[in-house]
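I have placed the structure first, in the form of C-alpha coordinates, so that the comments after it can refer back to it.
See below:
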(Lines of atoms letter the chains of each structure in order from A and count residues from 1; the text may use other names and numbers.)
(Lines give C-alpha, C1' and ligand atoms only; values in the text may rest on other atoms or scores of the structure.)
Protein backbone atom coordinates (compact mmCIF):
# COMPACT_ATOMS: atom_id res chain seq x y z
CA UNK A 1 0.00 0.00 0.00
CA UNK A 2 1.44 3.36 -1.02
CA UNK A 3 1.96 5.86 1.78
CA UNK A 4 -0.46 8.81 1.65
CA UNK A 5 -0.90 10.19 5.21
CA UNK A 6 2.23 11.44 6.97
CA UNK A 7 2.59 12.92 10.45
CA UNK A 8 5.45 15.41 10.82
CA UNK A 9 6.63 15.76 14.44
CA UNK A 10 8.97 18.67 15.14
CA UNK A 11 9.00 21.48 17.72
CA UNK A 12 10.39 23.93 15.13
CA UNK A 13 7.68 25.72 13.08
CA UNK A 14 10.28 26.26 10.32
CA UNK A 15 11.10 22.54 10.08
CA UNK A 16 7.41 21.56 10.15
CA UNK A 17 6.71 23.99 7.31
CA UNK A 18 9.77 22.89 5.29
CA UNK A 19 8.96 19.16 5.55
CA UNK A 20 5.21 19.67 5.04
CA UNK A 21 5.87 21.78 1.93
CA UNK A 22 8.04 19.06 0.35
CA UNK A 23 5.47 16.37 1.15
CA UNK A 24 2.36 18.30 0.05
CA UNK A 25 4.03 19.28 -3.27
CA UNK A 26 4.59 15.55 -3.83
CA UNK A 27 0.97 14.58 -3.23
CA UNK A 28 1.01 13.49 0.42
CA UNK A 29 -1.59 14.36 3.03
CA UNK A 30 0.25 15.90 6.01
CA UNK A 31 -0.62 16.51 9.63
CA UNK A 32 1.79 17.97 12.19
CA UNK A 33 2.58 17.76 15.88
CA UNK A 34 4.76 20.16 17.91
CA UNK A 35 5.67 17.70 20.68
CA UNK A 36 6.03 14.03 21.46
CA UNK A 37 2.91 14.12 23.60
CA UNK A 38 0.86 15.67 20.76
CA UNK A 39 2.32 13.09 18.36
CA UNK A 40 1.11 10.19 20.53
CA UNK A 41 -2.42 11.63 20.55
CA UNK A 42 -2.42 12.23 16.78
CA UNK A 43 -1.11 8.74 15.99
CA UNK A 44 -4.10 7.25 17.81
CA UNK A 45 -6.61 9.73 16.34
CA UNK A 46 -5.38 10.14 12.74
CA UNK A 47 -3.68 6.77 12.06
CA UNK A 48 -0.90 8.13 9.79
CA UNK A 49 0.84 5.73 7.42
CA UNK A 50 4.27 7.21 8.21
CA UNK A 51 5.79 9.45 10.90
CA UNK A 52 8.73 11.82 10.45
CA UNK A 53 10.08 12.23 13.99
CA UNK A 54 12.41 14.92 15.33
CA UNK A 55 14.55 13.90 18.32
CA UNK A 56 15.30 17.07 20.28
CA UNK A 57 11.96 18.36 21.62
CA UNK A 58 10.66 19.58 24.98
CA UNK A 59 8.91 16.92 27.07
CA UNK A 60 9.35 13.45 25.62
CA UNK A 61 12.13 13.32 23.04
CA UNK A 62 11.78 11.62 19.67
CA UNK A 63 13.59 8.47 20.81
CA UNK A 64 11.11 8.04 23.70
CA UNK A 65 8.09 8.66 21.47
CA UNK A 66 9.42 6.31 18.78
CA UNK A 67 9.84 3.60 21.42
CA UNK A 68 6.26 4.18 22.71
CA UNK A 69 4.77 3.95 19.22
CA UNK A 70 6.82 0.96 18.05
CA UNK A 71 6.13 -1.06 21.21
CA UNK A 72 2.37 -0.39 21.31
CA UNK A 73 0.46 -3.21 19.54
CA UNK A 74 -2.07 -0.65 18.19
CA UNK A 75 0.57 1.55 16.53
CA UNK A 76 3.62 -0.67 15.98
CA UNK A 77 2.85 -1.06 12.26
CA UNK A 78 3.29 2.69 11.60
CA UNK A 79 6.81 3.20 10.19
CA UNK A 80 8.89 6.02 11.68
CA UNK A 81 11.73 7.89 10.00
CA UNK A 82 13.76 9.86 12.51
CA UNK A 83 14.57 13.28 11.07
CA UNK A 84 17.08 15.08 13.30
CA UNK A 85 20.17 17.25 13.55
CA UNK A 86 21.80 14.52 15.67
CA UNK A 87 24.24 13.12 13.11
CA UNK A 88 26.40 10.79 15.21
CA UNK A 89 26.42 7.11 14.23
CA UNK A 90 25.56 6.21 17.84
CA UNK A 91 22.41 8.37 17.57
CA UNK A 92 21.40 6.61 14.34
CA UNK A 93 21.91 3.16 15.89
CA UNK A 94 19.99 4.17 19.02
CA UNK A 95 17.11 5.55 16.93
CA UNK A 96 16.85 2.32 14.93
CA UNK A 97 16.95 0.32 18.17
CA UNK A 98 13.96 2.32 19.44
CA UNK A 99 11.97 1.06 16.46
CA UNK A 100 12.58 3.62 13.72
CA UNK A 101 12.74 2.20 10.18
CA UNK A 102 15.15 4.85 8.90
CA UNK A 103 17.15 7.90 9.96
CA UNK A 104 17.78 11.19 8.16
CA UNK A 105 20.10 13.96 9.34
CA UNK A 106 19.05 17.62 8.90
CA UNK A 107 19.25 19.62 6.78
CA UNK A 108 16.99 17.24 4.90
CA UNK A 109 17.65 16.61 1.23
CA UNK A 110 14.17 16.47 -0.38
CA UNK A 111 15.19 13.75 -2.88
CA UNK A 112 16.68 11.57 -0.12
CA UNK A 113 13.52 11.98 1.97
CA UNK A 114 11.23 11.07 -0.94
CA UNK A 115 13.42 8.06 -1.82
CA UNK A 116 13.25 6.78 1.77
CA UNK A 117 9.46 7.22 1.83
CA UNK A 118 9.15 5.37 -1.50
CA UNK A 119 11.30 2.52 -0.16
CA UNK A 120 8.93 2.08 2.81
CA UNK A 121 5.79 2.34 0.65
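Residue numbers (full-length UniProt numbering): 1 to 121.
Note that beta-carbon positions come from the ideal geometry of N, C-alpha and C, so glycine has one too.
The model shown is predicted, which means the values in this text are computed figures rather than measured ones.
By the beta-carbon neighbour count (other beta carbons within 10 angstroms, threshold 16), residue 71 is exposed. The region 4-18 and the region 93-101 do not touch, with fewer than 3 CB-CB distances between them shorter than 8 Å. Between residue 73 and residue 41, the alpha-carbon positions lie close to 15 Å from each other. With respect to residue 77, residue 84 sits apart: the two C-beta atoms are not nearer than 9 Å. When the alpha-carbon of residue 107 is set against those of 69, 120 and 86, the nearest one is in 86.
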